[in-house]
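Those protein sequences? They're chains A and B, same order as listed. Numbered according to our numbering, the first sequence spans residues 925 to 1162. Numbered according to our numbering, the second sequence spans residues 925 to 1162. Read the structure below first, then the notes.
2 protein chains.
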Amino acid sequence: MLSKNTIKRITRLGQKKYRISEGLFVAEGVKVIQELLDSCLEVQELYTTDETLFNTHTFISISPKDLKSISFLTTPQKALATFKIPTSVHSMDEGLTVALDNVRDPGNLGTIIRLCDWFGVEELICSEGTVDCYNPKVIQATMGSIARVNIRYINLEGFLKETSRASYGTFMNEDNVYETALPNEAVLVLGNEANGIRSEIKALLKNQISIPRFGAIKATESLNVATATSIFLSEFRR
Amino acid sequence: MLSKNTIKRITRLGQKKYRISEGLFVAEGVKVIQELLDSCLEVQELYTTDETLFNTHTFISISPKDLKSISFLTTPQKALATFKIPTSVHSMDEGLTVALDNVRDPGNLGTIIRLCDWFGVEELICSEGTVDCYNPKVIQATMGSIARVNIRYINLEGFLKETSRASYGTFMNEDNVYETALPNEAVLVLGNEANGIRSEIKALLKNQISIPRFGAIKATESLNVATATSIFLSEFRR
């Protein structure tokens, strides 16, 4: 049975301040954990209710009731592990980088990390107001992709001032992305779910692009930031 | 104060059988409700905790506690309404149609409905095993787009056998969508989150297309069905 101390130590990793002080984050589910074990990330503790699942790693066998006491999921998924938060690597200022300006929804950030992985975007820059990528809900939504994308939380204004690459901001009624020539070396900026890109960031962006709407005049007024990211990345890579 | 009967009548609309027997579905939040009120859908009851919100419609003023007792959201959003489920219109067998084979996640279906609205896809065909589009979580994710897309639940095999349009199935390792000429008249088929398109459906599809992966060999093994839909629709419309 898990001690009260262990339960407290793990569940408080739901809070960013404890993730920072411990240098750890939580991953759940066999598929996500297996992908992270296969990556360069370092596992700290691995708990499972099924001893047949992880025969190549040291694990602690626990009861379903114990798993429920440390899980962040409504329906716990047979295994939970803690991994060390990696130190972020400095940018090489090359290739295609995605930059997020205060994206708040963990599901959106997780989906965007998975899209970066799919489209071979090695670096993701997050403004300091963007949801923490080691939030358990983000980890869940990345499906293991978090191990393959280098994510840095920095001052977005400073980053955009310093990059030598062309920057592309995504807005509602700007240049049609389908008619814009897109380079291999670029920074693609997406904004907050409700407010878009802040005006002080917009002022730093040399190019402003949009996905045209094909529906009726009364069609939906915007696309979700994660689906918009998928279309922009597809356009940069196709 | 709401009567026990009213609370029961509304909360059981979370179940498909009661939505069918009552012919009603639930929408929540000012933005979603306002979009549906502005559409051709017929409102049945409108409850709100803020009398200043809906001055052009008849509403029932309730307390936040009452709203909590009928809401399907963790954080209720000031208003809840019931609308009549519209009768679905028969297909014209023209233009671009999206067809879903057993998509189960309400958030994915809601996002796909919103994408159909954005890309001017007027008809969405759902296999009988696809999650019900009047599920409260789907309605929430559509952000009002449900009123602008004609959604039909039918036998997908029968539909594909009868359509005169070219059908395009989406798979993992088939023809590169970026190198495929896509017509204006087509049926685009997407499959279940875990299992993709069923083999009996696949046998009926004349074209099989894929989004190529640009990341490393060890990159994420698949895209979420909603993000894949956004990229395929973008390719059909660009």
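Just so it is clear, CB atoms sit at the ideal spot from N, CA and C, and this is done for glycine as well.
What three-state label does DSSP hand B/E1081 in the structure shown?
Helix.
Taking beta-carbon pairs under 7 Å, can you tell me which members of the region 1034 to 1060 of chain A lie near chain B?
Listed by position along the chain: T1035, R1038, L1039, D1041, W1042, F1043 and G1044.
With DSSP as the reference, identify every bridge partner of A/Q1132, one or two as the case may be.
In DSSP, A/Q1132 forms a bridge with A/G1093.
Pull out every residue of the region 1135 to 1151 of chain B whose Cβ sits closer than 9 Å to any Cβ of chain A, in chain order.
Per Cβ criterion, the list reads I1135, P1136, R1137, F1138, G1139, A1140, K1142, A1143, T1144, E1145, S1146, L1147, N1148, A1150 and T1151.
Would you say B/R1089 reaches chain A, if we count a Cβ-Cβ gap shorter than 9 Å as a contact?
Answer no: the Cβ-Cβ gap between B/R1089 and chain A never drops below 9 Å.
Just the C-alpha distance for B/Y1058 and B/A1071, rounded to the nearest angstrom, thanks.
C-alpha separation (whole angstroms): 11 Å.
Short check: CB of B/V1027 to CB of B/E1047, under 9 Å?
No, these two residues do not count as a Cβ contact at 9 Å.
Would you decide whether B/P988 is buried or exposed? Buried here means 16 or more other CB atoms lie within 10 Å of its CB.
Under this definition B/P988 is an exposed residue.
Looking only at its chain, what residues have a beta carbon closer than 8 Å to the beta carbon of B/L1129, apart from the 5 residues adjacent to it on each side?
Taken in chain order, the residues that qualify are L1084, S1091, Y1092, G1093, V1113 and I1121.
Using 10 angstroms around the beta-carbon of B/M1016, count the other beta-carbons present and answer buried if the total reaches 16, otherwise exposed.
Per the 10 Å Cβ criterion, exposed.
Can a CB atom of chain A be found closer than 9 Å to the CB of B/I1155?
Yes - at least one Cβ of chain A is within 9 Å of the one on B/I1155.
Among B/G1139, B/I1036, B/G1031 and B/T980, which residue has its Cα nearest to the Cα of A/L1020?
Per the Cα distances, B/G1139.
According to DSSP, what are the bridge partners of A/S972?
Looking at the sequence shown, residue 972 of chain A is not Ser but Thr. A/T972 pairs with A/S985 and A/A1003.
Give me the Cα-Cα distance between B/R1038 and A/L1147, rounded to the nearest whole angstrom.
Answer to the nearest angstrom: the Cα atoms are 8 Å apart.
Between B/L1004 and B/V950, which are expected to be in contact by the criterion C-beta below 8 Å, what is the C-beta distance as a whole number of angstroms?
6 Å between Cβ atoms; contact.
Output needed for A/L991: all residues of its chain with C-beta closer than 6 Å, excluding positions within five of it in sequence on either side, in chain order.
Cβ neighbours of A/L991 beyond the five flanking positions: T973 and P1000.
According to DSSP, simplified to helix, strand and coil, what is A/E1145?
DSSP places A/E1145 in coil when its eight states are reduced to three.
Nearest chain A C-beta to B/S995 closer than 9 Å, yes or no?
Chain A contact via Cβ: absent.
Do we get a CB-CB distance below 9 Å when we pair B/M1067 with the residues of chain A?
By this cut-off, B/M1067 is an interface position.
If you measure from the beta carbon of B/Y1092 to each beta carbon in chain A, is any gap under 9 Å?
Not an interface residue.
So which residues of chain B does A/R1162 contact, with C-beta pairs closer than 7 Å?
Y1102, listed in chain order.
Hey, would you say A/P1060 sits closer than 9 Å to A/G938, going by beta carbons?
Closer than 9 Å, so yes.
Please look up how many angstroms separate the CB atoms of B/I1155 and B/E1098, rounded, as I've assumed it's under 8 Å.
Actually they do not touch by this definition, with Cβ atoms about 14 Å apart.
A/K955 and A/G1068 look like a contact to me (Cβ under 8 Å); what is the Cβ gap, rounded to whole Å?
About 7 Å separates the two Cβ atoms, so the contact holds.
A/G947 to A/W1042, Cα distance in whole Å?
If I take the Cα positions, the gap works out to 27 Å.
Expressed to the nearest angstrom, what Euclidean distance is found between the alpha-carbon atoms of A/S1158 and B/S1158?
The straight-line gap from Cα to Cα measures roughly 9 Å.
Counting only runs of 3+ residues fully inside the region 1033 to 1077 of chain B, write out the beta strand (DSSP E) ranges in chain order.
The qualifying runs are 1047 to 1050 and 1074 to 1077.
Nearest chain A C-beta to B/E1247 closer than 9 Å, yes or no?
Outside the shown range of chain B, which is 925 to 1162, sits residue 1247 of chain B, and nothing can be said about it.
Measure the C-alpha to C-alpha separation of B/R933 and A/N1108 and round it to an integer number of angstroms.
Rounded to whole angstroms, B/R933 to A/N1108 spans 56 Å at the Cα level.
Alpha carbon to alpha carbon, what distance is there between B/V967 and B/S985?
Looking at the two C-alpha atoms, the distance is approximately 16 Å.
So if DSSP puts A/F949 in a beta bridge, which residue, or which two residues, is it bridged to?
Its beta-bridge partners are A/F1007.
Between B/S1158 and chain A, is the shortest Cβ-Cβ distance under 9 Å, so that the two count as touching?
True, the Cβ-Cβ gap to chain A drops below 9 Å.
My guess is that A/E1124 and A/E1081 are in contact by the Cβ rule of under 8 Å, so how many angstroms apart are they, rounded?
Their Cβ separation, rounded to whole angstroms, is 6 Å, which keeps A/E1124 and A/E1081 in contact under 8 Å.
How would you list, in chain order, the residues of chain A whose beta-carbon sits under 9 Å from the beta-carbon of B/R1028?
Chain A residues near B/R1028: none, gap ~14 Å exceeds 9 Å.
Taking the alpha carbon of A/L1106 as the reference point, which residue from A/A1118, A/G1115, A/R1089 and A/T1054 has its own alpha carbon closest?
Here the closest residue by C-alpha is A/R1089.
Return the CA-CA distance between B/K1008 and B/A1065, expressed in angstroms with no decimal places.
Their backbone Cα atoms lie some 18 Å apart in a straight line.
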